[in-house]
Every structure is written in structure tokens, then in C-alpha cells.
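Counting from 192, one number per residue, gives the positions in the sequence shown under this note's numbering.
All C-beta atoms, glycine included, are put in the ideal place defined by N, C-alpha and C.
Only a predicted model underlies this, so the values are computations on that prediction, with no experimental measurement involved.
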Amino acid sequence: MPIVAFEVTAVDEVVIGKAKERTRFSFEYLDWRPFALAGLNVLSILLVWAPFLGDMRTICRYLDGPMYMYVAATLYSIPADSPLHAMPLPDFYYACHLVVFPLLIRAFSFLGYDWSMLFVSAAASTLATVIFYYLVKEFKYSVNPFWASIVFIFFPCRWLLYHSVGATEPVFILLVVASLYCYKKDSYVLAFLLAGLASATRIFGILLFVSYAVTLISQRKYRYLPLTLLIPAFLVANFLNYQVIYGDFFAYFKYNGSFVSIAHIALPYLSWSVPVPVPLPMFLTNVLPGNTNNMELFIAIYVLYILGTLRLWKHKELFFYSAFFVGAIMFIGHPDISRYLLPAAPFALILAFDDIISRKEFMLVFPLIIVLGYLYCWGLVPSNLMDAGIYGDMINSINR
192 MPIVAFEVTA
202 VDEVVIGKAK
212 ERTRFSFEYL
222 DWRPFALAGL
232 NVLSILLVWA
242 PFLGDMRTIC
252 RYLDGPMYMY
262 VAATLYSIPA
272 DSPLHAMPLP
282 DFYYACHLVV
292 FPLLIRAFSF
302 LGYDWSMLFV
312 SAAASTLATV
322 IFYYLVKEFK
332 YSVNPFWASI
342 VFIFFPCRWL
352 LYHSVGATEP
362 VFILLVVASL
372 YCYKKDSYVL
382 AFLLAGLASA
392 TRIFGILLFV
402 SYAVTLISQR
412 KYRYLPLTLL
422 IPAFLVANFL
432 NYQVIYGDFF
442 AYFKYNGSFV
452 SIAHIALPYL
462 SWSVPVPVPL
472 PMFLTNVLPG
482 NTNNMELFIA
492 IYVLYILGTL
502 RLWKHKELFF
512 YSAFFVGAIM
522 FIGHPDISRY
532 LLPAAPFALI
542 LAFDDIISRK
552 EFMLVFPLII
562 VLGYLYCWGL
572 VPSNLMDAGI
582 YGDMINSINR
């Protein structure tokens, strides 16, 4: 068999040399930006805490954090002498608190349930920021991924607040961003497992099942459609647990179901009516009787999110997620609509408007947004707290 000789040119030697250099670890190739973003996110949290460092229970008492702490400690088995009976709330109320966040709090409860809750929120938001950076950078969703990730830390103001207190949003957004990253990397099983965990963190995570299914169909990736069944499986498991504890598979909706307004439309020539969800219930129930205070803010929020979602059209995975999420929230009759829309904010408010947030004009005004955001947080935290006496009794009961 003849031996074939290959001549190595000078150009080849240079290429091989550069390849060898890349395989060796060097700080020259280390991307410092994720570390800077992680540090900045932690700093942003500490600044929210700053006025309350003398009594961190103020941060811990911010609702609904204490409720998740109590579920983490009791695992939905509420004792007859529960200090929270003083509020008062029916036992099935705790079914509103899906299982993932309480389990994470319980996993780190050696820190104390209060500090565990804050640790989970802080760690989740920090990881979400870093993964968001890699998602934006690797798939070119922004002309300046580092700047877009900085904006993500502080904007919108509601996110600045909720990634600094005990809340499900940091964990939920972490799971959503990580799921989308895995999807773009073609790791479909991991993407749908993370989406499943999101569905057992906040109920609207189930919309990932619909958005991924539609995305796969639009991209003609039909063979992966059965894998999307992993997503609702987590929520079904959570609800099966409710069947065991409360004797009601749909216990979650016994309390939260009231936030969806239903109109009963009478059918002509028939004696029965069809229940139809009413869009924009919070807006309509205030505007139609003439109570227009602050309703312009509702209009602005809806328009911004809808416009941002439409601008995501060329990125089908982001568009369908935001479209189904924003569309579903439009039927929720709750005054805190800005909080409910937060999981769509990284995409519909930041990436969708990348051409605006990357401009020098936005960069110049962004420090003002940060300052106003902190004033917003510092003023709002003391206004939404669990009663200090009930909170103290709760902490004593779960530490026994």
C-alpha cells in the first residue's frame, strides 16, 4: 500500500500553533463578563436591602415570601395550632404555592428558613443573569450582550424588587432562560425538563408546553413533539400531591381561580350559556364605571409588552413564549399585573427593544431608571409585610 506524504506549510504551522494555544488555559481567553454580572447582581440585591440591614426581618416578611417558607417547613401539612390561622386563611390556600420554590428553601434550610429563602432567590437571579448573558451572546439576540444583561438586572423596577426578596420569580425566570438556552443548543430533553420544573414553580409555566409545541411545529421538528409531554408531567405530579393532601386534584384553583373573570354568554335559541374568559378584566372593571385612576399605566404596560412581543417575530422561540405568556396574563384580574408579566420582560421589554436600549441616549438615561427603581423598592417593601407578631410566631414554630 503506497504511503502518502503531506507537506506542512508555514501557514499550517501557524494554525496548529494557535489551536494548541487555545487548548491551554489562559486568563487571556477567560470571559470576565459573567463574573462581573454575577457580582453586579449581588450588589443590586444588597442595595435593596441596605435601608433594612438593621432588621432583615423586614425583607423576610415581604409577602408572599413567608408563605413559601411555611410551606417549605410543613410540606402543606398545616398543623391545627398554626400561627398563620390568625390571618385567617383556609388550608387549601397553601395549594397556591407550587412545590419547586418551597423544596429549594427546604434544601438550604440549614441556613435558617428565612435566610434560605433569600439565598435561593439571590442565587437564582444571579444564575439567571449569567445564563441570560450566554443566551444573548451565543445566539446574537443583542448587539451588546453585556449591556443587555446589565439592563436585565435593574429593569423593570418590579424585577429589581422581586429578585431581592423571597419570591418565585427568580427561580421561574432562571428555569425559563436556562430552558430556552438548552433548546437553542438542541438539548431538547433538558430544555423540556427545565420547562417542567418551571410549570411546578409558577402555574403559567405550563404555557411553555404550548409555546414549545408551536415552535417545534413552525420549525418542522415534529419528532421532538412527544418530548414536550415532560413539561406538564411536573405540574400533574404537583397536583397529584394535592389530591393526596387536600382530596382535590385542582386545589390550586380553589383560591387563585377567582382571578380569572368569566362571562356567561347566552346562546340564542338555547337555554344554556357558554363561559368565556374576559380579557383585560382589571382594566375594564375600573374604566367602565369611570374609575380611571392609574389606568393609563395599564394601557402603557399592555401596549409595551404586546409591541415587544410582535418585534420578536424573527426569533420564533422567544416570540411564541412571549405571545402565549402575555396573551394569558391579559385575562388575569389582578391589580399587580406588572408582576405577573415579569417572566416575559427579558424578552418582550429588553431583547425586543435592543435597538433602543443599545443607543447612547438610553445609556445616558439608564442611571435615572436605576435611582428611581431603588426609591420604588425602598418605598414598597414596608407596605406589603406580614404582621410582625404572626411572622415571629411562625419562625418560632418552624424552628421548633
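I'd like the list of long-range same chain contacts for Gly518, defined as Cβ closer than 7 Å, with 5 residues on each side in sequence excluded. Here the question's residue 518 lines up with position 327 in the sequence shown. Contacts found: none.
Name, in chain order, the residues that DSSP records as bridge partners for Leu576. As a first step, residue 576 is located in the sequence shown; it is residue number 385 there, counting from the start. Paired residues: Tyr253.
What's the C-alpha gap between Pro466 and Ile296? Position 275 of the sequence shown, counted from the first residue, corresponds to residue 466. Position 105 of the sequence shown, counted from the first residue, corresponds to residue 296. The straight-line gap from Cα to Cα measures roughly 39 Å.
In three-state terms, what does DSSP make of Ile523? For the purposes of this step, residue 523 is taken as residue 332 along the sequence shown, with counting starting at 1. Strand.
Using a Cβ-Cβ cut-off of 6 Å (strictly less than) and excluding sequence neighbours within five positions of Leu509, which residues of its own chain qualify? Within the sequence shown, the letter at position 318 stands for residue 509. Once the five neighbours on either side are set aside, the close Cβ partners of Leu509 are Leu503, Phe538.
By Cβ distance, which residues of its chain are closer than 8 Å to Leu540, with the 5 residues on each side in sequence left out? For the purposes of this step, residue 540 is taken as the residue at position 349 of the sequence shown. Same-chain partners within the cutoff: Phe346, Pro347, Leu495, Tyr496, Gly499.
Beta-carbon proximity check, Phe511 vs Ala535, cutoff 8 Å: Stepping through the sequence shown from its first residue, residue 511 is reached at position 320. Stepping through the sequence shown from its first residue, residue 535 is reached at position 344. For Phe511 and Ala535, no; Cβs fall outside 8 Å.
For Gly163, which residues of its own chain have a beta-carbon under 6 Å away from its beta-carbon, when the five flanking residues on both sides are left out? The requested residue 163 does not occur in the structure, where the chain is confined to residues 192 to 591.
Whole angstroms is fine: what's the gap from Ile408's alpha carbon to Tyr565's? Here the question's residue 408 lines up with position 217 in the sequence shown. Here the question's residue 565 lines up with position 374 in the sequence shown. Computed Cα separation, rounded: 43 Å.
Using DSSP with H/G/I as helix, E/B as strand and the rest coil, what is Phe516? As a position in the sequence shown, residue 516 is number 325, starting the count at 1. DSSP places Phe516 in helix when its eight states are reduced to three.
Reference Ile548; option with closest CA among Tyr285, Leu244, Phe299, Ala339: Along the sequence shown, one-based indexing puts residue 548 at 357. Out of Tyr285, Leu244, Phe299, Ala339, Ala339 has the C-alpha closest to the C-alpha of Ile548.
Would you identify the three-state DSSP class for Trp240, choosing helix, strand or coil? Your numbering for residue 240 matches position 49 in the sequence shown. Helix, per DSSP.
Please state the DSSP three-state secondary structure of His506. The count along the sequence shown starts at 1 and reaches residue 506 at position 315. DSSP places His506 in coil when its eight states are reduced to three.
According to DSSP, simplified to helix, strand and coil, what is Ile269? Numbered from 1 along the sequence shown, position 78 holds the residue referred to as residue 269. If DSSP states are grouped into helix, strand and coil, Ile269 belongs with coil.
Measuring alpha carbon to alpha carbon, tell me which residue in Pro336, Ala314, Ala313 is nearest Phe323. Against the sequence shown, residue 323 aligns to sequence position 132. Of Pro336, Ala314, Ala313, the residue nearest in Cα terms is Pro336.
Considering only residues of the same chain and omitting the five flanking positions on each side of Ile236, which have a CB-CB separation below 6 Å? One-based indexing of the sequence shown puts residue 236 at position 45. So the list reads Ala313, Ser355, once near-sequence residues are dropped.
Which residue wins for smallest C-alpha separation from Phe292, given the options Tyr261, Val556, Leu302? As a working note, residue 292 is residue 101 in the sequence shown. It is Tyr261.
Where the alpha helix (DSSP H) through Val291 begins and ends: Taking the sequence shown and counting its residues from 1, the one referred to as residue 291 is at position 100. Val291 -> alpha helix (DSSP H) spans 291 to 298.
Report the CB separation of Ala442 from Ala286 in whole angstroms; it is logged as a contact under 8 Å. Here residue 442 refers to the residue found at position 251 of the sequence shown. Here residue 286 refers to the residue found at position 95 of the sequence shown. Confirmed, about 4 Å.
Could you compute how far the alpha carbon of Arg411 sits from the alpha carbon of Leu244? Residue numbering aside, residue 411 sits at position 220 when the sequence shown is read from its first letter. Residue numbering aside, residue 244 sits at position 53 when the sequence shown is read from its first letter. Distance between the alpha carbons of Arg411 and Leu244: 53 Å.
Alpha helix (DSSP H) runs wholly inside the segment 296 to 377, at least 4 long, in chain order: 304 to 329, 336 to 345, 348 to 353, 360 to 375
Are the segment 421 to 434 and the segment 379 to 390 touching by the rule of at least three beta carbon pairs closer than 8 Å? yes
So what's Asn477 in DSSP terms, helix, strand or just coil? In the sequence shown, the residue the question calls residue 477 occupies position 286. Correct three-state label for Asn477: helix.
Supposed close pair Ala298, Leu365 - CB separation, criterion 8 Å: Locating residue 298 in the sequence shown gives position 107, where the first residue counts as 1. Locating residue 365 in the sequence shown gives position 174, where the first residue counts as 1. Contact doesn't hold; Cβ gap of about 15 Å is too wide.
Backbone CA spacing between Pro257 and Cys251 [nearest angstrom]: As a first step, residue 257 must be located in the sequence shown, where it is residue number 66. As a first step, residue 251 must be located in the sequence shown, where it is residue number 60. Each residue's Cα considered, the two are about 7 Å apart.
Can the beta-carbon of Leu533 be found closer than 8 Å to that of Trp350? On the sequence shown, position 342 is the one that residue 533 refers to. On the sequence shown, position 159 is the one that residue 350 refers to. Yes; because the gap between Cβ atoms is below 8 Å, this pair is in contact.
Note down the Cα distance separating Asn477 from Ala491, rounded to an integer number of angstroms. Along the sequence shown, one-based indexing puts residue 477 at 286. Along the sequence shown, one-based indexing puts residue 491 at 300. Distance between the alpha carbons of Asn477 and Ala491 is about 16 Å.
Out of Leu420, Leu416, Ala358, which one is the CA nearest neighbour of His288? Translated into the one-based positions of the sequence shown, residue 288 becomes position 97. Answer by Cα proximity: Ala358.
Are Tyr148 and Tyr379 close, meaning C-beta to C-beta below 8 Å? Because the chain here runs from 192 to 591, residue 148 falls outside it and cannot be looked at.
Answer yes or no: do Phe383 and Leu326 have a C-beta to C-beta separation smaller than 8 Å? Locating residue 383 in the sequence shown gives position 192, where the first residue counts as 1. Locating residue 326 in the sequence shown gives position 135, where the first residue counts as 1. Against a cut-off of 8 Å, the Cβ pair of Leu326 and Phe383 comes out as no contact.
Sort Asp546, Phe430, Pro470 by Cα distance to Phe444 and report the nearest one. The residue labelled residue 444 in the question sits at position 253 within the sequence shown. The option with the nearest alpha carbon to Phe444 is Phe430.
Would you call Phe226 buried or exposed, if buried means 16 or more other Cβ atoms sit within 10 Å of its Cβ? Counted from its first residue, the sequence shown places residue 226 at position 35. With fewer than 16 other Cβ atoms within 10 Å, it is exposed.
Residues near Tyr372 in its chain [Cβ-Cβ closer than 7 Å; skip 5 each side]: For the purposes of this step, residue 372 is taken as residue 181 along the sequence shown, with counting starting at 1. Excluding positions up to five away in sequence, the list reads Ile322, Tyr325, Leu326.
Identify, in the order they occur along the chain, each residue of the same chain with its Cβ nearer than 6 Å to the Cβ of Ala543, setting aside the five sequence neighbours on each side. Against the sequence shown, residue 543 aligns to sequence position 352. Excluding residues within five positions, the ones whose Cβ falls inside 6 Å are Gly499, Arg502, Leu503.
Close-in-space but distant-in-sequence residues of the same chain around Leu266 (CB under 6 Å, 5 per side omitted): The sequence position of residue 266 within the sequence shown is 75, counting from 1. No residues qualify anywhere along the chain.
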